[in-house]
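Take a look at the structure set out below.
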Amino acid sequence: MTRHPTSFDFRALLIVAAIEVGLAMLNSSALVSWSYDLPESRFTEPVIAAAEGWHQAMQAIGLAEPSRLVEDWRGGM
Amino acid sequence: MPVCQGTNRYRERVVLFPTATFAIFFLVVLTLAVALSGSNGARKGMLLAASYVFYGWWDWRFCALLFTSSFLAWLGGHLLHADRGETYRKWVVAVLAGALLALLGFFKYFEFFLESLRTLFFRLGIERDLPLVEIILPVGISFFIFQSISYLVDCYRREFDEKTSLSDVLLYVSFFPQLVAGPIVRASDFIPQLSRTPRISKADFCFGGVLIVIGLAKKMIVAHYLATLLVDDVFLDPASHSSGMLLLAVYGYAVQIYCDFSGYSDMAIGFAALLGYRFPRNFDNPYRALSLSEFWRRWHISLSTWLRDYLYIPLGGSRVGPWKTYRNLFLTMFLGGIWHGAAWTFLIWGTLHGTALIAERLAVRAASGSGFRLPPVIAWLATFHFVCATWVFFRASDLPAALAWFQGFAAMDWSFAGASWLSVALIAIVLVSQVRPHADPRPLSSRVEQLPAWLLTLVFGLAVQAIVWAGPSGTAPFIYFQF
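Residue numbers (numbering that gives the first Met the number 0), protein chains in the order written: chain L, 0 to 76; chain Z, 0 to 482.
Now the structure itself:
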């Protein structure tokens, strides 16, 4: 089927995906907490392992630092 | 007793918009929607399946209830298309609307009815062994039952030319952005949109994105801070707070419930726009209203117009003479009150609004000959404070707690000890933002639309991240999930 010339669908998907990846990079610690709160199922363990691995990777490249600094700053208020 | 007491923990399993679960879910849905954009049928089938997964995440057993509600509506529409005269049509709509309301009544009011009966028997000294039941209130039942009735009545009014397929009715009732807390989308507004594959334009995308960011900010910053810093604490024990703090807490709650509910509506409209569908707006700066009738044209618009079109006007509206008009007005607000839940507090809230709307009409009629009008500042103050006073009943955990608020307020102890500057600032900012005649995000989204895609990504991404950093940690359920 021919796509509409003004269709923005695919770019919309790319933008949403890029935003979500960016948020996952900056909020990796929150992702770990989220994975711990998931209801128990056979998928829970692999999800937790993936979230922890992702967080370690973000810590290694320094992307987990801004959220930690904000948390510390808020904790000190 | 509020409906959701004892089920709050259970209710936490509802997929909330500002969570990683929803972010992953929405990304999968959007990916499939784009992949299936060549086939409207497949795309709609996927959205239907996704909507049932969304609802089933909370409790899959209630998917059957969601299906039953939609099926009854579709069955009604199907029977109404067989042209067998007006009496037959009236019977069909009455029986099926009655069945839908019976479903709502059972889940929402049966437990309250038994509790009230038990209390009555106890007070009369009559021993009766009434069954002890705890009925789980299905999330969003008030919304999806009203949408089903909307479809049924719109079919009765012949607002659709052709028969709608069962799958389209199922999708209309269950479409996930509006499923659990509205807006209550009209069948005649939404079902025609299903006839072709929607294309997501850059304008729709920016409009949706701006609304999602605004909704997130309202919910995650304003509503969340006001709840945790002020409102929850004061309403937990009104008797132990000064009049000043009670007043500040009710102002806080007025702003909290507005930001919580309109924030959810903004996000629902935004996510629907990202999928190419249009929902009506649900709020329009309600706290700038200069009269109660204006407030109801600006607050929860989809419920107000639903009640107007499917209850007030069928009762005769304002075309039946003044006394019947007042009766209709009162009944509409009274039923609007108990729609929110089986509790004396909601009943009183609806009754107060109904009575005040009648009083307002009488006052307008009396003043119309003399040309007298209240100065706008006085009209605003009176409207806003009446709305706030009724919020006390809406927010209080039960009737004694509401009465304790009024008793504490009457003590006239104007101390504000314990009030945080952030709560006061948030209340002030939101109320001042209501000054504009209409809440229209279009001018902002039109400006955002001029940005190239990479900058758009950066702007929306940074805006969401800023909200995440600014808001308190964790995500509280939306207030309207209990209805």
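Yeah, the Cβ is synthetic: ideal placement off N, Cα and C, and Gly gets one too. These numbers come from a predicted model, not from an experiment.
For residue i versus residue j, is the C-beta distance shorter than 9 Å?
i, j, result
"G353/Z", "L328/Z", "yes"
"I144/Z", "L99/Z", "yes"
"A19/Z", "A29/L", "yes"
"V168/Z", "S69/Z", "yes"
"P279/Z", "P182/Z", "yes"
"D259/Z", "F477/Z", "yes"
"L170/Z", "K43/Z", "yes"
"G21/L", "Q464/Z", "yes"
"F21/Z", "L29/Z", "no"
"S149/Z", "S187/Z", "yes"
"F282/Z", "A438/Z", "yes"
"K162/Z", "G76/Z", "yes"
"L228/Z", "S414/Z", "no"
"F25/Z", "F270/Z", "yes"
"I337/Z", "L351/Z", "no"
"S501/Z", "S6/L", "Outside the shown range of chain Z (0 to 482) lies residue 501/Z, about which nothing can therefore be said."
"I426/Z", "I220/Z", "no"
"Y224/Z", "G417/Z", "no"
"L103/Z", "S141/Z", "yes"
Just mark residue i as buried or exposed, buried being the case when its beta carbon has 16 or more other beta carbons within 10 Å.
i, result
"R41/L", "exposed"
"D36/L", "exposed"
"K201/Z", "buried"
"I18/L", "buried"
"A96/Z", "buried"
"P436/Z", "exposed"
"M266/Z", "buried"
"L123/Z", "exposed"
"W390/Z", "buried"
"W90/Z", "exposed"
"D82/Z", "exposed"
"W420/Z", "exposed"
"D203/Z", "buried"
"E85/Z", "exposed"
"A401/Z", "buried"
"R394/Z", "buried"
"S303/Z", "buried"
"T196/Z", "buried"
"L361/Z", "exposed"
"F392/Z", "buried"
"F294/Z", "buried"
"T118/Z", "exposed"
"F109/Z", "exposed"
Which residues in the same chain as residue i place their Cβ atom closer than 6 Å to its Cβ, once the five residues preceding and following it in sequence are excluded?
i, result
"Y325/Z", "I357"
"V212/Z", "A462"
"W73/Z", "L165, V168"
"L310/Z", "T331"
"V205/Z", "Note that residue 205/Z is Cys in the sequence shown here, rather than Val. Same-chain partners within the cutoff: S444, V447, E448."
"R185/Z", "S149"
"S34/L", "V46, I47, A50"
"V152/Z", "Y309"
"W298/Z", "P285"
"R277/Z", "none"
"G207/Z", "G269, A272, L273"
Enumerate in chain order the residues of its own chain whose CB-to-CB distance from residue i is below 8 Å, with the five nearest sequence positions on each side excluded.
i, result
"L443/Z", "V209"
"Y54/Z", "F61, C62, L65, V138, G139, S173, F175, L178, V179"
"T1/L", "Any reading at T1/L is ruled out, since the residue's pLDDT is 46, under 50, leaving its predicted position unreliable."
"F105/Z", "I134"
Note down, in chain order, each residue of its chain lying with its Cβ closer than 7 Å to the Cβ of residue i, except the 5 sequence neighbours on either side.
i, result
"A261/Z", "Reading off the sequence, residue 261/Z comes out as Ser, not Ala. So the qualifying residues of the chain are K217, N281, F282."
"A49/Z", "V28, F175"
"S290/Z", "E359, A378, T382"
"F333/Z", "G349, T350, G353"
"P65/L", "L25"
"A11/L", "none"
"C387/Z", "V249, Y250, A253"
"M57/L", "M24, S27, A63"
Beta-carbon of residue i versus every beta-carbon of chain B: anything under 9 Å?
i, result
"F112/Z", "The question asks about chain B, but that chain is absent: this structure's protein chains are L and Z."
Next on the checklist: At 4 residues or longer, what runs of the alpha helix (DSSP H) sit wholly inside the region 48-88 of chain Z?
Outcome noted: 62-80
Checklist entry - What runs of the beta strand (DSSP E), each 3 residues or longer, lie entirely inside the region 297-366 of chain Z? => result none
Next on the checklist: What ranges does the alpha helix (DSSP H) occupy inside the region 144-197 of chain Z, keeping only unbroken runs of at least 4 residues that lie completely in it?
Outcome noted: 165-173, 175-178, 186-189
Item to check | Segments of 4+ residues assigned as alpha helix (DSSP H) that fall wholly inside the region 211-276 of chain Z | outcome: 231-235, 242-273
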